[in-house]
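Notes follow once the structure below has been shown.
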Amino acid sequence: MSTGTPPVRRGARTLPPEAERLARTEPNTAIVQLPEAPPSSARLCFTAGPRAGEELQLPELDEVVVGRAVDNPVAIPDSSVSRKHALLRRVGGGWAVSDLGSGNGTLVNGEPVEEERPLASGDTLTLGDSELRFEDGGQATTLMTLPARLPVPAPVTVHAVPMADAGGGPARPGPRVRSARASRAAAASAPEAQALRKKRLMIAGGAFAVLMLLLIGLKAKLDADARHAQESARVAAAQRARLGALFQESKNLVREGKWAEAKARLDTLAAARPDYPGVQDYLERAAKEVPNQAHLEEARGALAKSALGPAAMALAQVTPDTTQYDAVRALRAQLLTLSGQRVLEAKRLLDARELDAAKAVTADVLVAFPDQRDAKLLDEQAAQAIRLRDAPPPSAQGAAPRPWEPAVARFIDGDLTGAAALANACVGRAPRCKALLGQMSEFGGLYRKLEDLDAKGLARLLALDREITDGRASKMARTAGTRAASIFYKSASAAKASGQWGKAGEYARRTLQADPGHAGASNLLTELRTRAKDLYLSAYSLKDTSPDEALPRFREVMQMTAPGDETYEKAKGWVDKLSR
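All residue numbers for the sequence shown refer to this note's numbering, where the first residue is 1389 and numbers rise by one.
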């Protein structure tokens, strides 16, 4: 006898283990095996965000992580999406989604996902600023239990009683004859029984009719409720889609920097649904950014008109926590560049004796940059020139209040010999004349050696010129100033190249004192101020965690700026505090 495995009958089908178990334990269960489901046809269609327009077939995995991290099966390069944002999990023949503790949350058809939720084909998933449509056309194998076969009723056997046969066998007893009383009772009860049966039939028919009416009414009500529920669901879905589109449009406007337009749409969304996820956060930010945007537009308009003061005041009103910091940084850089150009323009106007225009330009620059030394110097010169111009002419009556003034005027005009003679003539009338004579004598000695003077000698020459003229530069000082500015600027450039920022700033300021219109020195001081501010911010960030490292940086800021400068005074204060 063979003890091997019995051969498989050709054409026989192999059932799954679960189906075989049911076939053994449930004889009344019919097993219907549908064709095997094809590989997963679920896919994600990106409708908004960085990957809008793309379609992605879900991989053959039981769990699929969606997030910003590039190692996720589904990676979305969106800053509003968390690194591990949501989880898609295969459940039976479908998929379900759950949030992984993301910052902006996960929405399905506009509703936040609090716990794992099954997905239907056509559902819209919202992850931050990205939106995806889930589509699934898959099928599954189904086991169906059929009702048990009804028992066949047992056959009824009829036994016949034999009659007397022709052979003279015993005869069957004849039918029993009713008595006359029984016949009359049966005849009398027959109509009553028929009436009772008829009454019962009528009651049963009425009850059946009432039951049918109730069933018809119930069916009509259920159908009406179903239609109402479908209509409500359709309206709710349309409302969710409309609000979702409005929110996405608002976020797109925010990305473009159009805060005013975005706020109008956010207000509409909040009025329709105040608890819409994320709308209140955007409204709070818009309440700050809309005024900031107005200030930035005001600053742009002012800079277009070369109005530095209004532009600086508009920028000062922008809140420090603004998200439009790129625009703020660009406008401040433009303001700084324009200030240098306006200083050069003021110098040109001052040389052309357009005093009022020069004074207006320097005043505008000083509103934006109160510590701009070039602008302050030119502003003082313009103000002094305007005072001299507008001063009333000296009275012809009485003696001149300043007998040395003719000597000073001759000196300003470049006539050193004539000025010395006039100063000598008034020595007996005023002590100032004697002092002027000595200063002019020293000036003349230095001026004759102008080509051989070093930086120290040129500085003394220019100082004597300012003392003699009370700050009004003479023609001789302009020639000396040009040479001195050239020497000072070379020293400033050399100091800058060697990283000696303090000396570079000192020589650059001397250059501007000798030649207020020197563009190279102006640019160097502007660069120094920018570097000093950056270095100050670096030191300020270290003052609490690394004070020993912050202290030398504050001291270097003081070397790069001059006393009286705002950055200098701040750095000096921290040096005093950290040195204690």
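A virtual CB, placed ideally from N, CA and C, is assigned to each residue, including glycine.
Check: Inter-residue Cα distance where the pair is SER1922 and ALA1740; Outcome: Note on identity: in this sequence residue 1922 is Asp, with Ser being the wrong assignment. ASP1922 and ALA1740: Cα-Cα distance of roughly 37 Å.
Check: Beta-bridge partners of LEU1444, as assigned by DSSP; Outcome: LEU1432
Check: Minimum Cβ-Cβ distance from GLU1442 to chain C less than 7 Å; Outcome: Given the protein chain composition of this structure (a single chain), no chain C is represented.
Check: Nearest to GLY1632 (by Cα), restricted to the options ARG1622, GLU1619 and VAL1667; Outcome: VAL1667
Check: ALA1813 versus ARG1854: straight-line alpha-carbon distance, rounded; Outcome: 22 Å
Check: Coil, strand or helix - ALA1779 by DSSP; Outcome: coil
Check: Secondary structure of GLU1523, DSSP reduced to three states; Outcome: strand
Check: Pair within 7 Å by beta-carbon distance, ALA1770 and LEU1743; Outcome: yes
Check: From VAL1706, THR1656 and ALA1659, residue whose alpha carbon lies closest to that of PRO1679; Outcome: VAL1706
Check: Assigned exposure category for GLY1557 - 16 Cβ within 10 Å defines buried; Outcome: Per-residue confidence for GLY1557 stands at a pLDDT of 46, beneath the threshold of 50, marking its modelled position as unreliable; the derived number appears in the next sentence. Label assigned to GLY1557: exposed.
Check: Residue nearest to ASP1801 in terms of C-alpha spacing, selected from ARG1673, PRO1819, ARG1866 and LEU1825; Outcome: ARG1866
Check: Simplified DSSP state of LEU1765, which is helix, strand or coil; Outcome: helix
Check: Where ARG1537 falls, given that 16 or more other Cβ within 10 Å makes a residue buried; Outcome: The pLDDT assigned to ARG1537 is 41, lower than 50, so where the model puts this residue is not dependable, and the model offers no usable value.
Check: Inter-residue spacing [alpha-carbon to alpha-carbon] between VAL1623 and ASN1497; Outcome: 13 Å
Check: Residue environment, MET1532, which counts as buried when at least 16 other CB atoms sit within 10 Å; Outcome: The predicted position of MET1532 is uncertain, since its pLDDT is 39 and thus under 50; a value taken from the coordinates is nonetheless stated next. Exposed: under 16 other Cβ atoms inside 10 Å.
Check: For VAL1678, three-class secondary structure by DSSP; Outcome: helix
Check: For LEU1606 and GLY1593, the rounded distance between their alpha carbons; Outcome: 20 Å
Check: For GLY1562, the three-state DSSP class (helix, strand or coil); Outcome: With a pLDDT of 46 at GLY1562, under the threshold of 50, the modelled position of that residue is not reliable, and no figure is offered here.
Check: Residues of its chain near ARG1943, where Cβ-Cβ distance is below 8 Å and the 5 sequence neighbours each way are ignored; Outcome: ALA1959 and VAL1963
Check: Extent of the continuous beta strand (DSSP E) to which ALA1950 belongs; Outcome: Run containing ALA1950: none; DSSP gives neither H nor E here.
Check: The alpha helix (DSSP H) enclosing SER1879, as first and last residue numbers; Outcome: 1863-1885
Check: Member of GLU1644, ALA1608 and LEU1654 whose CA lies at the smallest distance from the CA of ARG1630; Outcome: LEU1654
Check: Limits of the unbroken beta strand (DSSP E) element including VAL1496; Outcome: 1494-1496
Check: Buried versus exposed call for ASP1842 [16 or more other C-beta atoms within 10 Å across all chains shown]; Outcome: exposed
Check: Alpha-carbon to alpha-carbon, ALA1687 and ALA1704; Outcome: 10 Å
Check: Selected residue, minimal CA-CA separation from ARG1941, among SER1910, GLY1481, GLY1890 and ASP1903; Outcome: GLY1890
Check: Given HIS1683 as reference, the closest of PRO1708, TYR1664 and ALA1659 once Cα atoms are compared; Outcome: PRO1708
Check: Beta-bridge partners of THR1512, as assigned by DSSP; Outcome: ARG1521
Check: Test item: CB-CB of GLU1954 and ASP1767 under 7 Å; Outcome: no
Check: Simplified DSSP assignment, three categories, for PRO1662; Outcome: coil
Check: Proximity of PRO1506 and ALA1484 at Cβ, strictly below 7 Å; Outcome: yes
Check: Beta-ladder partner(s) of ALA1463, from DSSP; Outcome: GLY1455
Check: Residue of CYS1433, VAL1479, GLY1455 and GLU1443 minimising C-alpha distance to LEU1449; Outcome: VAL1479
Check: Beta-carbon separation (whole angstroms), LEU1846 vs ALA1872, contact threshold 8 Å; Outcome: 4 Å
Check: At least three beta-carbon pairs within less than 8 Å, the region 1926-1940 to the region 1750-1759; Outcome: no
Check: Unbroken beta strand (DSSP E) run spanning GLY1482, endpoints; Outcome: 1482-1487
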